[in-house]
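Chains as they are written, first to last, in the numbering used here: chain A, 1 to 218; chain B, 1 to 218.
Glycine included, each C-beta is placed from N, C-alpha and C at the ideal position.
Since the structure is predicted, the reported quantities are computational estimates derived from the model, not experimental observations.
See structure below.
Number of protein chains: 2
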Amino acid sequence: MSRPAKKAASPRRRPAPYHHGDLRRVLIDAALQLAVEGGPDAVSVREAARRAGVSPGAPFRHFESRDALMLAVAEEAQRRFRTEIAAALADAPQGAPLQRLKRLGLAYLRWAARNPAHFEIISTGRAFDHDRAADLSRDNAEMIAMTEQLLAEAAAKGQLRPGVDLKTAQITGRALVYGLARMNLDRHFPRWGVRPEAVERMAEQAFDLFLDGLVAPA
Amino acid sequence: MSRPAKKAASPRRRPAPYHHGDLRRVLIDAALQLAVEGGPDAVSVREAARRAGVSPGAPFRHFESRDALMLAVAEEAQRRFRTEIAAALADAPQGAPLQRLKRLGLAYLRWAARNPAHFEIISTGRAFDHDRAADLSRDNAEMIAMTEQLLAEAAAKGQLRPGVDLKTAQITGRALVYGLARMNLDRHFPRWGVRPEAVERMAEQAFDLFLDGLVAPA
DNA sequence: ACCTGAACACCGTTCAAGT
DNA sequence: ACCTGAACACCGTTCAAGT
């Protein structure tokens, strides 16, 4: 069920290698799994240790606190997120910046919907408040720069309604995407009469409405 | 510092009334305060009991679990939220539905920014998943109906760009508002170069951009 | 009817001691 | 250098016993 690393060469039952192959890695994976099973709050250092087959104190050789473990988990989740976003943009049409923005938004939403626990760990402010998260910050800065470029490209091509401030458009777009992802995560959609299967279609319409409001009249 | 109810008629020090005046009420207030001090996760039944001057088991006469207490806290917070929203709409111009929508959004955001812990308890899906929250559901349904009416009024007055689907506009608007409130709560704005004092102005520009994209061209 | 206080099974975290 | 296992101070929750 678990214990992905190490082939366990010991012939006795209960191999229990005194020195774990890569405990740090195994703890992060266990924590990710715990988050999937019961949400971020269900991640416990003790349970992760248990699943790694290790004593309760062992994780603290690798993470100074539960928060530090959660930060490592967030960084791993962010890495996967980033990979998926990049893939979605890879096969989006070049030279159509607004189309690409829409793709980006939809990929963002889809990943958030399919990995709610990981998405919550990445995005919720709690825990690792500050800027200890070098990787997280870098990734985020890159995504921000990407949307900035795409909007600038659209503006340069005269595709935007005159008078639209780029930074405002950027943040409005992000708030829309994050809002939709969060509404889904926080189970708001049933109240708004949107069934789970309809969320993605709804999101696409929302993006279209936003982008149509942004573009220059024909 | 605490213990708002009961005047304490006992002449001895440590009044410790065996039967607490309104323990339920006092526990909810203590929990709200704990949330303000350390966020939703910092709310503990034991600490609330301690602040109420009561034994660890006592709260369970009034709430069957921590979740039930949190639900009561959410309902109280929602009540306050609702009151403030209503006040904001009271002095907004009648007959200008889009203006009123903007007011609504700004009031929503301002309350969320000033009461982050309470807002998080109300809006985060975790804990009281289902529809145990009769009051919460009712309040929410009312706010949803309100935005629906305002949009319908705008459409009836020909203020909306033709082809705009009302439900899409409604959900897009909500996602924008919720997204901005959440970005603030989850401390995303610094990454986007928006300083705390600038958030409200930024939000207003975002609303204007959205609403301008919605209105019929002159 | 409401509260106490001890109990149980959990946490996160520390630290001497083992290998 | 890394892990164990006991310990400490916390939780949520239950339950007999008190008033």
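field: P217 of chain B: contacting residues in chain A (beta-carbon distance under 7 angstroms)
entry: Taking the first residue of the second sequence as position 1, residue 217 of chain B is located at position 217. Going along chain A in sequence order, the residues near P217 of chain B (Cβ under 7 angstroms) are P217.
Chain A contact residues for L160 of chain B, given Cβ-Cβ distances below 8 angstroms: Taking the first residue of the second sequence as position 1, residue 160 of chain B is located at position 160. Within chain A, no residue comes near L160 of chain B; the closest Cβ sits about 11 angstroms away, beyond 8 angstroms.
query: In three-state terms, what does DSSP make of V36 of chain A?
result: The residue labelled residue 36 of chain A in the question sits at position 36 within the first sequence. Note: V36 of chain A maps to helix in three-state DSSP.
query: Between the segment 159-171 of chain A and the segment 71-87 of chain A, do at least 3 Cβ pairs fall closer than 8 angstroms?
result: no
- prompt: Once you ignore the five residues that flank F81 of chain A on each side, which residues in its own chain have a CB closer than 6 angstroms to its CB?
  reply: Locating residue 81 of chain A in the first sequence gives position 81, where the first residue counts as 1. For F81 of chain A, where only same-chain residues beyond five positions count, the Cβ hits under 6 angstroms are W111.
- prompt: What is the DSSP secondary structure of V215 of chain B, counted as helix, strand or coil?
  reply: As a position in the second sequence, residue 215 of chain B is number 215, starting the count at 1. Looking at V215 of chain B - three-state DSSP - the assignment turns out to be strand.
- prompt: Under 8 angstroms Cβ-Cβ, which residues of chain B neighbour N140 of chain A?
  reply: Position 140 of the first sequence holds residue 140 of chain A. Here the neighbours are R191.
query: When the Cα atoms are used, what is the spatial distance from P190 of chain B to R138 of chain A?
result: What you label residue 190 of chain B is simply residue 190 of the second sequence in a count that begins at 1. What you label residue 138 of chain A is simply residue 138 of the first sequence in a count that begins at 1. Distance between the alpha carbons of P190 of chain B and R138 of chain A is about 14 angstroms.
query: Going by beta carbon distance, what residues of the same chain come within less than 8 angstroms of A42 of chain B, once the five residues before and after it are set aside?
result: Mapped onto the second sequence, residue 42 of chain B falls at position 42. Taken in chain order, the residues that qualify are L34, A35.
task: Report all residues from its chain with a CB closer than 7 angstroms to the CB of E148 of chain B; omit the five preceding and five following residues, and keep chain order.
output: Residue numbering aside, residue 148 of chain B sits at position 148 when the second sequence is read from its first letter. Q170.
message: Comparing C-alpha positions only, which one of A:A49, A:L27, A:V199 sits nearest to E76 of chain A?
response: Here the question's residue 76 of chain A lines up with position 76 in the first sequence. E76 of chain A has its Cα closest to that of A:L27, out of A:A49, A:L27, A:V199.
task: Pull up the distance between the alpha-carbon of P93 of chain B and that of H188 of chain B, whole angstroms please.
output: Here residue 93 of chain B refers to the residue found at position 93 when the second sequence is read from its first residue. Here residue 188 of chain B refers to the residue found at position 188 when the second sequence is read from its first residue. Their Cα atoms are separated by approximately 33 angstroms.
field: Contact with chain A by R79 of chain B, beta-carbon distance below 8 angstroms
entry: To locate residue 79 of chain B, count along the second sequence from 1; it is residue 79. No, no contact with chain A.
message: I need the straight-line Cα distance from D186 of chain A to E37 of chain A, nearest angstrom please.
response: Numbered from its first residue, the first sequence carries residue 186 of chain A at position 186. Numbered from its first residue, the first sequence carries residue 37 of chain A at position 37. Using only the alpha carbons, I get a separation of about 16 angstroms.
query: Residues bridged to L160 of chain A by DSSP?
result: For the purposes of this step, residue 160 of chain A is taken as residue 160 along the first sequence, with counting starting at 1. DSSP lists A:V215 as partners of L160 of chain A.
message: Strictly below 8 angstroms CB to CB, what residues from chain A border Y108 of chain B?
response: Looking up residue 108 of chain B in the second sequence gives position 108. Going along chain A, no residue has its Cβ under 8 angstroms from Y108 of chain B, so there is no contact; the nearest lies around 12 angstroms.
query: Along chain A, in chain order, which residues have C-beta atoms closer than 7 angstroms to that of L176 of chain B?
result: What you label residue 176 of chain B is simply residue 176 of the second sequence in a count that begins at 1. Neighbours of L176 of chain B on chain A, chain order: T172, A175, L176, G179.
message: To the nearest angstrom, how far is the alpha carbon of V177 of chain A from that of I144 of chain A?
response: Residue numbering aside, residue 177 of chain A sits at position 177 when the first sequence is read from its first letter. Residue numbering aside, residue 144 of chain A sits at position 144 when the first sequence is read from its first letter. Straight-line Cα distance between these residues: approximately 13 angstroms.
message: Let me confirm a value: A97 of chain B is counted as buried when at least 16 other C-beta atoms fall within 10 Å, else exposed. Which label applies?
response: Taking the second sequence and counting its residues from 1, one reaches residue 97 of chain B at position 97. Note on residue identity: the sequence assigns Pro, not Ala, to residue 97 of chain B. With 16 or more Cβ atoms within 10 Å of its Cβ, P97 of chain B is classed as buried.
Contacting residues, own chain, Cβ-Cβ under 7 angstroms from L166 of chain A (five flanking each side not counted): What you label residue 166 of chain A is simply residue 166 of the first sequence in a count that begins at 1. Answer for L166 of chain A: L151, A152, A155, listed in chain order.
message: Taking only three categories from DSSP, how would you classify E64 of chain B?
response: Position 64 of the second sequence, counted from the first residue, corresponds to residue 64 of chain B. Coil.
- prompt: How big is the Cα-Cα spacing for K7 of chain A and G21 of chain A?
  reply: Your numbering for residue 7 of chain A matches position 7 in the first sequence. Your numbering for residue 21 of chain A matches position 21 in the first sequence. Caution is warranted here: a pLDDT of 31 is assigned to K7 of chain A, below 50, making its placement in the model unreliable, and the coordinate value is therefore given only provisionally. Their backbone Cα atoms lie some 10 angstroms apart in a straight line.
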